[in-house]
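Notes follow once the structure below has been shown.
2 protein chains.
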Amino acid sequence: MMENKFMIRTRNGKYIVRLVCIVLIVFGGSVRGRKLLSQTRPDPSSAAPFARWLVSESSWGILSTIADDLGGAPFGNVVSLSDGKPNEGKGIPYFYLTTLDPTSRYALKDHRSSLTISEYALGTCGKIDPENPTCAKITLNGKLSELDEKSEEAATARTALFAKHPEMPTWPKDHGFQVFKLDIEDIFMINYYGGPKPLTVEQYLHSEKDQLTSY
Amino acid sequence: MMENKFMIRTRNGKYIVRLVCIVLIVFGGSVRGRKLLSQTRPDPSSAAPFARWLVSESSWGILSTIADDLGGAPFGNVVSLSDGKPNEGKGIPYFYLTTLDPTSRYALKDHRSSLTISEYALGTCGKIDPENPTCAKITLNGKLSELDEKSEEAATARTALFAKHPEMPTWPKDHGFQVFKLDIEDIFMINYYGGPKPLTVEQYLHSEKDQLTSY
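From first to last, the protein sequence lines are chains A and V.
The first sequence finishes on residue 266 if you use our numbering, and the numbering steps up by one all the way, no holes.
The second sequence finishes on residue 266 if you use our numbering, and the numbering steps up by one all the way, no holes.
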């Protein structure tokens with residue numbers, strides 16, 4: 052057999068193939084700090100399951116609130132999120148916020164808010180442009196409020212957030228992080244050509260939740 | 052030398068090391084459709100260069116506007132962006148928007164807007180949580196408006212957008228895409244511990260622009 056400079060001479064080629072495969076798998080899963088997705092991307096025509104998938108798989112998004120100290124301008128901020136404990140997500144986004152950051156301060160004065168998530172951040176859009184309608188995006192509009200920290204919902208949300216964001220329990224106690232919740236009132240989602248998908252909050256919240264909200 | 056099951060027996064180990072390196076580089080650059088960054092991450096203490104780097108390297112962000120049909124609630128939307136032609140970026144974000152999408156319709160009624168970008172999307176935060184202050188985030192607040200399509204600035208912005216987003220020129224002509232610009236009035240950036248970095252618009256716009264705005 053002819054050899055060229057790209058061939059590797061070894062007594063046991065299988066080891067090399069295995070090593071490269073392991074490198075690809077490990078590197079592919081951990082590259083840039085991202086994990087592999089836990090659920091298959093639903094068909095874009097299934098609006099509710101698709102929306103639940105996008106929210107469930109996403110670890111972060113942008114929370115927009117009204118900035119009273121900027122003349123009532125809209126103010127977007129990067130936040131981590133969780134929609135429930137592993138395999139028990141309900142589609143309702145929870146956040147762990149401190150009033151050292153403006154978003155929670157704004158929300159406490161004016162609850163109106165939106166959470167925006169791009170599928171591009173998941174890495175499933177390939178080479179498609181982030182603004183291309185087939186690279187999905189969702190905006191959940193509603194009211195952002197702090198949960199009573201002694202409530203059962205806050206305890207569940209904390210468990211969900213800490214499971215998805217293992218760093219959170221180590222964040223400084225004196226920063227006063229609290230659990231916030233977005234009560235969804237309106238959904239805007241584009242995940243294919245043809246404009247926003249018709250999708251009610253009711254349809255979203257009750258969509259195949261047992262199958263599509265694990266992470 | 053002792054051997055164990057993790058060692059590879061080969062007549063020329065250097066080739067394997069090279070192969071693995073090539074695999075890492077190629078796979079790391081192309082995984083999930085992202086490109087390698089063109090500029091080195093500036094030191095977080097250099098607020099202005101850091102902010103310019105983050106905006107310049109980012110291909111997308113969230114534009115928040117006021118939704119008049121949602122009672123004046125803030126509405127975040129995923130958009131592609133460019134801050135200038137390759138190696139000639141000026142730090143001013145331009146967008147290619149259609150009024151088929153609500154964001155530009157909202158902006159035409161109320162110019163107040165913010166653009167929010169997360170470093171997490173660049174892949175340079177590693178395993179750090181997206182909400183960790185060392186994983187940078189920036190919010191540029193200002194006025195979002197449509198450029199006169201026959202102006203020189205619109206022509207330059209279109210060239211910049213099309214260079215960064217090669218898909219854009221192929222988007223449907225009948226969708227009426229137009230160039231929009233965010234006139235920055237206020238900057239909020241966290242890129243390390245210790246709260247938002249003091250950074251004026253003036254400092255941002257005149258920061259080492261020749262070195263840090265290529266992509």
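Beta carbons are placed, not taken as given, at the ideal position from N, Cα and C, and that holds for glycine.
| Asked | Found |
| --- | --- |
| Touching by the beta-carbon criterion (3+ pairs, under 8 Å), the stretch 210-225 of chain A and the stretch 235-245 of chain A | no |
| G84 (chain A), DSSP secondary structure in three states | With a pLDDT of only 37 at G84 (chain A), under the threshold of 50, the placement of this residue in the model should not be trusted; the figure read from the coordinates follows. Looking at G84 (chain A) - three-state DSSP - the assignment turns out to be helix. |
| Contact with chain V by N128 (chain A), beta-carbon distance below 8 Å | yes |
| Distance CB(S133 (chain V))-CB(A211 (chain V)) smaller than 8 Å | yes |
| Endpoints, the alpha helix (DSSP H) within which E139 (chain A) is located | Element bounds for E139 (chain A): n/a, residue is neither H nor E. |
| Residues, ordered as in the chain, of the stretch 161-187 of chain A that lie near chain V by beta-carbon distance below 7 Å | R163, S164, S165, T167, S169, Y171, A172, G174, C176, G177, K178, D180, P181, E182 and N183 |
| Outcome for A206 (chain V) when other beta-carbon atoms lying within 10 angstroms are tallied against a minimum of 16 | exposed |
| Contacts that G246 (chain A) makes with chain V (C-beta to C-beta distance below 8 Å) | L151 |
| Member of A:G177, A:L256 and A:S165 whose CA lies at the smallest distance from the CA of A118 (chain V) | A:S165 |
| Local Cβ density within 10 Å of P181 (chain V), reported as buried at 16 or more and exposed below that | buried |
| Alpha-carbon spacing of G177 (chain A) relative to K201 (chain A), whole angstroms | 43 Å |
| Backbone secondary structure at K194 (chain V) - three-state DSSP | strand |
| Host beta strand (DSSP E) of A118 (chain V) (start-end) | W111 to A118 |
| Spatial distance of F25 (chain A) from P125 (chain V) (CA atoms) | With chain A represented from 52 up to 266, any question about residue 25 (chain A) goes unanswered, as that position is not in the structure. |
| Cβ of H216 (chain A) within 8 Å of any chain V Cβ | yes |
| Beta-carbon proximity of Y255 (chain A) to T185 (chain A), cut-off 8 Å | no |
| Supposed close pair L198 (chain A), F231 (chain A) - CB separation, criterion 8 Å | 7 Å |
| Contact with chain C by A124 (chain V), beta-carbon distance below 8 Å | In the structure shown, chain C does not exist; the protein chains are A and V. |
| DSSP bridge partner residues for V230 (chain A) (one or two, in chain order) | A:Y147 |
| Buried or exposed by the 16-neighbour rule on C-beta atoms within 10 Å, applied to S131 (chain V) | buried |
| Sheet register partners of S169 (chain A) (DSSP bridge) | A:K188 |
| First and last residue of the uninterrupted alpha helix (DSSP H) at P125 (chain A) | It is not in any alpha helix (DSSP H) - P125 (chain A) instead sits in the beta strand (DSSP E) that spans A124 to S131. |
| With 16 other Cβ atoms within 10 Å as the buried cut-off, status of S96 (chain A) | exposed |
| Residues near G127 (chain A) in its chain [Cβ-Cβ closer than 8 Å; skip 5 each side] | I113, L114, S115 and T167 |
| Backbone secondary structure at D225 (chain V) - three-state DSSP | helix |
| Chain V contact for S115 (chain A) (CB, 8 Å cutoff) | yes |
| Under 9 Å (Cβ pairs) to chain A, residues found in the stretch 223-247 of chain V | E236, D237, F239, I241, G246 and P247 |
| H226 (chain V) versus V:S155, V:I143, V:D120 and V:G135, residue with shortest Cα-Cα distance | V:S155 |
| Coil, strand or helix - E236 (chain A) by DSSP | strand |
| Cβ-based contacts, 9 Å cut-off: residues of the stretch 93-117 of chain A near chain V | S110, W111, G112, I113, L114, S115, T116 and I117 |
| 8 Å contact criterion, which A158 (chain V) and L195 (chain V) should meet: CB distance rounded | 4 Å |
| Inter-residue CB distance, Q90 (chain V) and W111 (chain V) (contact presumed, cutoff 8 Å) | 17 Å between Cβ atoms; not a contact. |
| Contact set between L121 (chain V) and chain A, taken where Cβ atoms lie within less than 9 Å | R163, S165, N192, E236 and D237 |
| Distance, F213 (chain V) Cα to R92 (chain V) Cα | 24 Å |
| Contacts that S131 (chain V) makes with chain A (C-beta to C-beta distance below 8 Å) | D180, P181 and E182 |
| T190 (chain A) classed as buried or exposed, judged by whether at least 16 other C-beta atoms fall within 10 angstroms | buried |
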